[in-house]
Amino acid sequence: MRILILAAAMLLSACGGSTVATATTVAAPLPREASGWVELEPQPVEIDGETLTATCSDVPGADAAFKFWARRGASNNLVVFFDGGGACWDNLTCSVPRLAVNTREEDGFYKAELLPGDDPNTLSGVFDLDNPRNPLRDWSFVFVPYCTGDVHSGSNTATYTDPDTGETFTLEHRGADNFRVVLEWMRQNFVTPEQIVVTGSSAGAYGAATHFAPIRAAFPAGRALMLGDAGQGVATRDFLQSRNGSWRYQLPESVFGADGEVTADEDIVGMLAAHYPDDRFAQYTTAQDLTQTAFYALMGVPGACRAWTQKMATDLSRRQTAPNFRSYVAVGQSHTILRSPLFYSQRSGGAPFAEWLAAALSDEGDDWTNRACENCSRPPARCQF
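Just remember that our numbering sits 21 ahead of the position in the sequence shown, which is counted from 1.
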């Protein structure tokens, strides 16, 4: 059983209210003129009476140091990108981290420390800033890496027991706290962006949803788009309850009510779209995303491939009733698009993905429509889950 679970892990981790802060410099300021990527190491900062120190998971063998990247673009527009890298929520999944010493970077259920591939200088897709087809090439960027196993949404120090060794260890599920620190730096370095894109891939897609409201509170002017890349939110009730207990999942009270730590199985993206009718919301996925399907299988769902595809299609149909939501469903089983050359070659439902995103960013958005490959809702003929 352990061997089968480890095999699944190699697929899975391929997938990352008002605030008062003391007057302190969180990290080095960003140059005021257009610049390349700047690597930033945040200092402890007091926010709402609490001193926050950004950190990675700090599990045994992992480097706890956290940093993020940013660049100043030529336009007064801003992208906030949350990176991906798996997730963990119980003794089994949290005992199999992805570390720099692993033979392969994709080993492990979740990224436990920052890896060389986290540097946005190494990425393609929307990070190819010299490509004329990139609708975000002139924008400023904040790149939020991921190393806490909680889809950027936790605020908890959890204790787990390795099922093989019986040894206990702690894990800093501090993704939500880390971004609170980054957001304070953003307040100090960006004033009034004309347009904002809040986005992320895999685990980062959930981070984009968690933090859209705080970002809008910090930057209320202009238009905003939230784009979730390969994070459809298809999950079981048991998983959601386990996740909430392990991570203390942080959802903004302004949208989700006073008990913002917990959600049963609400449609987070749908609720955001309803709360922000003047902003736009979008999701991208392939029809049989193998990584998302593998996580669904880990949650104990029989026939996970077919079940995930059917639930994904049902959820999208419901969200599509909102006038400010659109989706793009591509053929195949690949996972994520924004960091990949696939960003420029993907074409489904008659529209190249890069052009579909450009339409979402336009003032009118007339060409921004729901796109899907032919027979996208058909479950795969073969599936290992």
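Heads up, the beta-carbon is just placed ideally off N, CA and C, and yes, glycines get one too.
Tell me the rounded alpha-carbon separation between residue i and residue j.
i: Ala279; j: Asp288; result: 17 Å
i: Gly170; j: Ser223; result: 12 Å
i: Asn265; j: Pro166; result: 22 Å
i: Arg360; j: Met247; result: 16 Å
i: Leu51; j: Ser338; result: 42 Å
i: Ala381; j: Val122; result: 40 Å
i: Asp191; j: Gly370; result: Before going further, note that residue 191 is Thr rather than Asp in the sequence given. When rounded, the distance between both Cα atoms is 46 Å.
i: Ser275; j: Thr220; result: 20 Å
i: Arg327; j: Phe211; result: 44 Å
i: Gly105; j: Tyr131; result: 9 Å
i: Ile217; j: Pro373; result: 22 Å
i: Ala238; j: His232; result: 10 Å
i: Ala343; j: Asp387; result: 16 Å
i: Ala315; j: Tyr181; result: 22 Å
i: Tyr349; j: Ala375; result: 11 Å
i: Gly243; j: Ser96; result: 13 Å
Given a cut-off of 8 Å on the beta-carbon distance, is the pair residue i and residue j in contact?
i: Val147; j: Gly129; result: no
i: Pro235; j: Pro273; result: yes
i: Ala325; j: Phe406; result: yes
i: Asn177; j: Arg269; result: yes
i: Gly228; j: Ser174; result: yes
i: Phe162; j: Val100; result: yes
i: Ala294; j: Gly252; result: no
i: Ala48; j: Glu62; result: yes
i: Leu319; j: His356; result: no
i: Gln367; j: Ala351; result: yes
i: Gly441; j: Arg119; result: There is no way to answer for residue 441, as the model of the chain reaches only from 22 to 406.
Mind checking residue i: buried by the 16 CB within 10 Å criterion, or exposed?
i: Gly70; result: exposed
i: Asn155; result: buried
i: Ala172; result: One point to set straight first is that residue 172 is Val, not Ala, in the sequence displayed. Buried: at least 16 other Cβ atoms inside 10 Å.
i: Gly321; result: exposed
i: Gly57; result: exposed
i: Val290; result: buried
i: Arg201; result: buried
i: Glu395; result: exposed
i: Pro141; result: buried
i: Arg340; result: buried
i: Ser78; result: buried
i: Ala245; result: buried
What span of residues does the beta strand (DSSP E) with residue i cover, start to end?
i: Ala108; result: No beta strand (DSSP E) holds Ala108; DSSP gives it neither H nor E.
i: Arg347; result: Phe346 to Ala351
i: Ala303; result: Arg301 to Thr307
Report whether the distance from the Cβ of residue i to the nearest heavy atom of the ligand GTP is below 7 Å.
i: Leu246; result: Among the ligands in the structure shown, none appear at all, so the ligand GTP cannot be discussed.
Would you mind reading off the limits of the alpha helix (DSSP H) that contains residue i?
i: Asn177; result: No alpha helix (DSSP H) contains Asn177, which is instead part of the beta strand (DSSP E) from Asn177 to Thr182.
i: Val202; result: Gly196 to Asn210
i: Arg340; result: Ala325 to Arg340
i: Thr314; result: Leu311 to Leu319
- Item | Inside the stretch 231–289 only - alpha helix (DSSP H) runs reaching at least 4 residues | 258–268 and 274–277
- Task: Kindly provide the ranges of any beta strand (DSSP E) runs that are 3 or more residues long and lie completely inside the stretch 55–88, ordered along the chain.
- Result: Assignment of beta strand (DSSP E) within the stretch 55–88, counting only whole runs of 3 or more residues, yields 59–61, 66–68 and 71–73 in chain order.
- Query: Along the chain, which unbroken stretches of the alpha helix (DSSP H) at least 4 residues long are found entirely within the stretch 364–398?
  - Reply: 374–382
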